[in-house]
Every structure is written in structure tokens, then in C-alpha cells.
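Numbering (our numbering), first residue to last: 98 to 353.
Where is the CB? At the ideal position from N, CA and C, for every residue including glycine.
See below for the structure under consideration.
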């Protein structure tokens, strides 16, 4: 297993997704193997969910939105350090705000937000594709999420990987693997998150992607349990799900 970069922004991170129907979205993600770990109505209704590895923040809001979010304690110092590298924030919090938020965008439009750490937030401890033995990738009994398998990446379409990496390196990301087929793509990580940079026009928005050696069987079980809004991607073992929030989730076999 290769040495991983160490997180430089913070040690707790989630994928933030807005929804117009908080309980309906939570019910959908329960079908995918997620469960509630925290909820509150302040400063707006939200539910934090996990599958034991990936953390998702469902937030009540009428505007569709997805972001990679870090929850940090040394907020001002982190903002200053990132700005010193040339990072520009497109929105910044007011100093008097109890919960502070700042938002930046990657060169290809992925939202990356910094939010004040909330007491009680923790990073899931389950083994991910970053730190589990590679031989376990093909052993479904080792997966924490028995329904969807292993979270593999938050996939992002990019115009040019090298240009994108200038931004991501400032956030502490390094390239873990890079390929040229079927188009240029790279898997990058900061030791906490996994992001895929895909130099393609095959998709246009960030997509959460899960992998499993038995994905075909998992997909059939999901269909039996009511999954309906999906399209097949090449074979019955690969599908793209449209979520209630109009986001997308890939469920792919390792042998795709």
C-alpha cells in the first residue's frame, strides 16, 4: 500500500447535498446502506448520515447543490493559509456568524466549502479504499456498506488534469494513480477524501461512485427493494442512479 498524503485542511469531511425533502432523501439513502448519525434544525434543518465510511450532510434547501465540505476548528488560520497559496474564495462568512462558512471552486466548478467544526462531528472509522488491503476489494464480506460496496471517488469532469491539479495540490491532494484510457483520468487524495479527475465530456457534474466485485447482485437486490430511477451503463453490473436531489451515483463493478 502506497504512502498516503496527510490531511492539511482538517480531519472531518463530508459531501454536502441539498434537498427539498429532507426525510424523503434520508429514506432514499437508507436504501443505499446509510444511517443517521446526527441531526439538527440549526441554522437550518439537516441530517448527517454515513455508511460507516463516507459521511454525507443532507441539508434542507431549495437550490440544488453538492460540495466537498471540511469541518475545521482553526477556521481563520486555515482561510489565511489557503489564501496565501493563491486560493480565492467566492463567498466568505461574516465574523459574527456562529457557524462560519467559506466557499471556493475548483477550476472545473466543484464546490469546496469550509465550515466551522460542530461539537460531536466525527469522521467514520470504517476502512475505505484508501487504507484497506487491496485483496479485500474483491471480498464483499469485507465491505462496510453491504448494499453499495466501497466508496471509490467523488468523480469530477475536468478540462485538463494538470491545470486542475494546481488547485487540488494547494488543498493537500496528491495523485494516487493516473491512466490514459478510455480518456485521461486520475485518482487523487488528501489522505481523507478521494476525488477522481476525469478529462471527459461523458458527464458534467460531480458523481459519487461506488465499486463492488458483486455489484450485479447488489443492483438486482436494490431493484427488488424499490430502486427505479437509474440507467444501465454498459452492462447490468453498472448503473447510474439519479437521486431525489437530482444528483447522481455510480454503482460499478470492479471488472467494468
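{"Asked": "Segment limits, alpha helix (DSSP H) that includes residue 220", "Found": "That residue, residue 220, is in no alpha helix (DSSP H); it is neither H nor E in DSSP."}
{"Asked": "Residue 179 versus residue 351: straight-line alpha-carbon distance, rounded", "Found": "36 Å"}
{"Asked": "Three CB pairs or more closer than 8 Å across the segment 313-324 and the segment 270-290", "Found": "no"}
{"Asked": "Test item: CB-CB of residue 349 and residue 326 under 9 Å", "Found": "no"}
{"Asked": "Contiguous alpha helix (DSSP H) assignments of at least 4 residues, all confined to the segment 133-188", "Found": "172-181"}
{"Asked": "Alpha-carbon to alpha-carbon, residue 177 and residue 223", "Found": "32 Å"}
{"Asked": "Run of the alpha helix (DSSP H) containing residue 261, from where it starts to where it stops", "Found": "258-267"}
{"Asked": "Local conformation of residue 233 per DSSP, three classes", "Found": "helix"}
{"Asked": "Residue 167 vs residue 106 beta-carbon contact at 9 Å", "Found": "yes"}
{"Asked": "Neighbour-count burial assignment, residue 136, 16 or more Cβ in a 10 Å radius", "Found": "exposed"}
{"Asked": "Beta-bridge partners of residue 228, as assigned by DSSP", "Found": "Per DSSP, none; premise fails for residue 228."}
{"Asked": "Residue 364 (DSSP reduced to helix, strand or coil)", "Found": "The structure shown does not extend to residue 364, since the chain is modelled only from 98 through 353, so no value can be given for it."}
{"Asked": "Entirely enclosed beta strand (DSSP E) segments - the segment 259-321, minimum 3 residues", "Found": "271-276, 282-286, 291-295, 304-309"}
{"Asked": "Cβ-Cβ distance between residue 237 and residue 310 below 9 Å", "Found": "yes"}
{"Asked": "Those residues which DSSP pairs with residue 202 across a bridge", "Found": "208"}
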